[in-house]
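>
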Amino acid sequence: MPVHPAAALPEPSPHLQQRYRLLGELGRGAMGIVYRALDLASGEEVALKFPTIDRPEVAARCLEAARGLADLSHPNVVGVLDSGIDAGRPYVVMELVQGTSLLSVLEKSGRLEVGHAVALTCQVLEGLAAAHVCGVTHRDVKPENVLVVDGTQARLVDFGLAFMVRGNRISGSGRLVGTPAYMAPEYVQGSAPDARADVYSVGVMLFELLTGRVPFLSENPMEVLTLHVVQPAPRVSAVRPDVPRLVDDVVARTLSKNPAERPGSATQLAELLRHAIASPRAISARTLLELEDDAPAPVAQGPGWVMGALLVGAFSAAFSVALVMTLVWVTGAAR
Ligand SMILES: Nc1ncnc2c1ncn2[C@@H]1O[C@H](COP(=O)(O)OP(=O)(O)O)[C@@H](O)[C@H]1O
Ligand SMILES: [Mg+2]
0 MPVHPAAALP EPSPHLQQRY RLLGELGRGA MGIVYRALDL ASGEEVALKF
50 PTIDRPEVAA RCLEAARGLA DLSHPNVVGV LDSGIDAGRP YVVMELVQGT
100 SLLSVLEKSG RLEVGHAVAL TCQVLEGLAA AHVCGVTHRD VKPENVLVVD
150 GTQARLVDFG LAFMVRGNRI SGSGRLVGTP AYMAPEYVQG SAPDARADVY
200 SVGVMLFELL TGRVPFLSEN PMEVLTLHVV QPAPRVSAVR PDVPRLVDDV
250 VARTLSKNPA ERPGSATQLA ELLRHAIASP RAISARTLLE LEDDAPAPVA
300 QGPGWVMGAL LVGAFSAAFS VALVMTLVWV TGAAR
C-alpha cells in the first residue's frame with residue numbers, strides 16, 4: 000500500500016489531533032484525500048478521509064450518510080468508525096484496509112482470469128446489495144474504489160458521491176457527479192441514479208476486468224457519456240473470445256440501456272454470474288462460435304455500427320453543447 004511522506008499533510012485542528020495522529024497519505028481521488036492515522040484512543044491505525052468538497056450543506060449530508068453507513072457492517076464494504084467536522088471541514092474515519100486498489104491489480108495484469116474477475120465482482124455486488132438495503136447508492140463504482148486484500152477479498156470504498164449527493168445533482172450547483180466511463184445512461188440523461196445504475200457500473204467494471212478496457216472509449220468525456228446513451232455496448236467476446244458464453248450474455252444484459260432489462264438488483268446479478276461460471280453450459284464464446292461454424296460478429300461492427308457511428312457523431316455534437324453548460328467535471332477526465 001503506497002504511503003507518501005507526511006510533509007504535505009494539512010494540519011488537523013488541535014481538537015482532532017487529540018484523537019488522531021496523521022501518519023501519511025494513503026491515496027487521493029477527485030473527491031478527497033485519505034490519510035493513514037493513529038487512533039490515539041484505541042491505539043489502532045485507521046484511514047481518515049477529508050472530502051475536498053466542503054460547502055456547509057455538503058458537509059452536513061456527508062456526515063448524515065457516513066452515520067448511515069456506520070450502521071452497516073459487511074465484509075465487502077469498508078467500515079465507517081467515526082465522522083465529524085474539524086475546523087469547518089468534514090472528516091470520515093474508516094477501517095484501514097491493508098490492500099491495493101483493483102485498478103492497480105488490473106494495471107499490473109492487463110486483464111483478470113475470468114473466475115478471478117467474477118469472484119471479485121460478486122463480492123463487490125454483495126457489498127453493494129447491503130448498502131442498497133440501507134438506502135445508500137454508491138454512484139461511483141469503478142476499480143479505483145475497490146480495495147483488494149490478499150488478492151482475493153474485495154472491499155468497496157469511497158461512498159463519497161453517495162455521501163455528498165441527494166438526487167442526481169449536488170444541491171444548488173447543477174453538477175453531474177461520477178466518472179463518465181462507468182455512468183449509467185439514465186443517470187447521464189438526468190434520472191436520479193438508483194441500485195440499477197450501480198448495477199450498470201458494475202457491468203462496466205466487469206467488462207474492464209475481463210478485457211482490460213472499458214466498453215466506451217474516447218478522449219472526450221462528453222462523447223463517452225453520449226456513447227453510454229446511444230451506442231450498444233460491445234460484447235466482451237468481441238474483445239476476448241474465450242470468455243464463457245453465459246458470462247458474455249450476463250455482462251451484455253447488465254449493460255442494457257434500459258434499466259428494466261438489467262438484472263434487477265446487485266444480488267440478482269451476483270447470482271447470475273455465479274451460475275454463469277458454475278453452469279456446465281459455461282462454454283466459451285469462441286468454442287460456441289466454432290461449433291456453430293459461425294464467424295465472430297461483435298455488436299460494434301458491421302453496417303449497424305456505421306449507422307451507429309453517424310448517429311453518435313450527430314448526437315454527440317448536440318448533446319455536448321447542451322451538457323457542457325451544466326456539467327463541471329468533479330472527477331476529472333474519463334479513463
Ligand atoms: N479505508 C481505506 N483504507 C486504505 N486505503 C484507503 C481507504 N479508503 C481510501 N483509501 C485509498 O485512498 C484512495 C482515495 O480514496 P477515495 O475514498 O476513493 O477518495 P476519492 O473520493 O477522492 O476518490 C483510494 O483509492 C485508496 O487507495
Ligand atoms: Mg475514489
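Under numbering that gives the first Met the number 0, the residue at position 78 of the sequence shown is numbered 77, and the numbers go up by one with no gaps. Where is the CB? At the ideal position from N, CA and C, for every residue including glycine. The model shown is predicted, which means the values in this text are computed figures rather than measured ones.
1) Are there 16 or more other CB atoms within 10 angstroms of the CB of P74, so buried, or fewer, so exposed?
2) Which same chain residues, not among the five before or five after S12, have their C-beta less than 8 Å away from its C-beta?
3) If you draw a straight line from the C-alpha of V213 to the C-alpha of R35, how long is it?
4) Going by DSSP in three states, Q152 sits in which element: helix, strand or coil?
5) Pull up the distance between the alpha-carbon of R239 and that of G202, whole angstroms please.
6) With a 10 Å radius around its C-beta and 16 neighbouring C-beta atoms as the bar for buried, classify H14 as buried or exposed.
7) Ligand 1 and L95: does any heavy atom of the ligand fall closer than 6 Å to the residue's C-beta?
8) Closest to L80 by CA distance: which of T99, V45, L111 is it?
9) Could you check where the beta strand (DSSP E) with S82 kicks off and where it finishes?
10) Measuring from the CB of G31, is there a heavy atom of ligand 1 at a distance below 6 Å?
11) Answer with buried or exposed for G26, where buried requires no fewer than 16 other C-beta atoms within 10 angstroms of its C-beta.
12) Spatial neighbours of E260 within its chain, please: CB distance less than 8 Å, with the 5 preceding and 5 following residues excluded, ordered by chain position.
13) Does the Cβ of V329 have 16 or more other Cβ atoms within 10 Å, making it buried, or fewer, making it exposed?
14) Of the residues A153, D149, V132, which one's Cα is nearest the Cα of V140?
15) Return the Cβ separation of A269 and E125 in integer angstroms, given the expectation that the two are a contact with Cβ distance under 8 Å.
16) For P11, which three-state DSSP category applies?
17) Hey, would you say the C-beta of E143 is under 6 Å away from at least one heavy atom of ligand 2?
18) With a cut-off of 8 Å, do at least 3 Cβ pairs link the segment 176–190 to the segment 110–128?
19) Which runs of the alpha helix (DSSP H) spanning at least 4 residues fall entirely within the segment 80–129, listed in chain order?
20) Nearest-angstrom Cα distance between T136 and A130?
21) Return the residue from the list C133, V117, A180, V228 that minimises the CA-CA distance to T151.
22) Give me the DSSP bridge partner(s) of V132.
23) Since K48 sits in a beta bridge, which residues does DSSP pair it with?
24) Taking just the CA atoms, how far does A180 sit from N219?
25) Could you check how far apart the C-beta atoms of G78 and M93 are, in whole angstroms? I think they sit under 8 Å.
26) Using the rule of at least 16 other Cβ atoms within 10 Å of the residue's Cβ for burial, across every protein chain shown, is S278 buried or exposed?
27) What is the C-beta distance between C133 and D70, in whole angstroms, given that I count them as a contact (C-beta under 8 Å)?
28) Please report the straight-line C-alpha distance between G263 and L22, rounded to a whole angstrom.
29) In angstroms, rounded to a whole number, what distance separates the CA positions of E207 and E24?
The structure says:
1) So P74 counts as exposed.
2) Contacts found: D85, A86.
3) Near 31 Å, if we compare the C-alpha coordinates of R35 and V213.
4) Q152 falls in the strand class under three-state DSSP.
5) Answer to the nearest angstrom: the Cα atoms are 15 Å apart.
6) In the assembly as shown, H14 is an exposed residue. Its beta-carbon has fewer than 16 other beta-carbons within 10 Å.
7) Yes, since a heavy atom of ligand 1 falls inside the 6 Å radius drawn around the Cβ of L95.
8) Nearest option by C-alpha distance: V45.
9) That run of the beta strand (DSSP E) goes 79–85.
10) Between ligand 1 and G31, a heavy atom-to-CB distance of less than 6 Å is present.
11) With 16 or more Cβ atoms within 10 Å of its Cβ, G26 is classed as buried.
12) Sequence-distant Cβ neighbours of E260 in its own chain, meaning closer than 8 Å and more than five residues away, are R252.
13) With a pLDDT of only 40 at V329, under the threshold of 50, the placement of this residue in the model should not be trusted; the figure read from the coordinates follows. That one is buried.
14) Restricting attention to A153, D149, V132, the CA atom closest to the CA of V140 is found in A153.
15) Confirmed, Cβ separation roughly 6 Å.
16) Note: P11 maps to coil in three-state DSSP.
17) Correct: E143 has its Cβ closer than 6 Å to ligand 2.
18) Two segments are said to touch when three or more pairs of C-beta atoms, one from each, lie closer than 8 Å; by this definition the segment 176–190 does not touch the segment 110–128.
19) Listed in chain order, they are 101–108.
20) Between T136 and A130, the C-alpha separation is close to 7 Å.
21) Restricting attention to C133, V117, A180, V228, the CA atom closest to the CA of T151 is found in V117.
22) Paired residue(s): none; V132 is not in a bridge.
23) K48 pairs with V33, V91.
24) Per the coordinates, the alpha-carbon of N219 lies some 10 Å from the alpha-carbon of A180.
25) Contact between G78 and M93 is confirmed by a C-beta separation of about 6 Å, below the 8 Å threshold.
26) Counting Cβ neighbours within 10 Å, S278 comes out exposed, since fewer than 16 surround it.
27) Sure, about 7 Å apart at Cβ, within 8 Å.
28) Looking at the two C-alpha atoms, the distance is approximately 43 Å.
29) CA-CA distance, E207 to E24, rounds to 28 Å.
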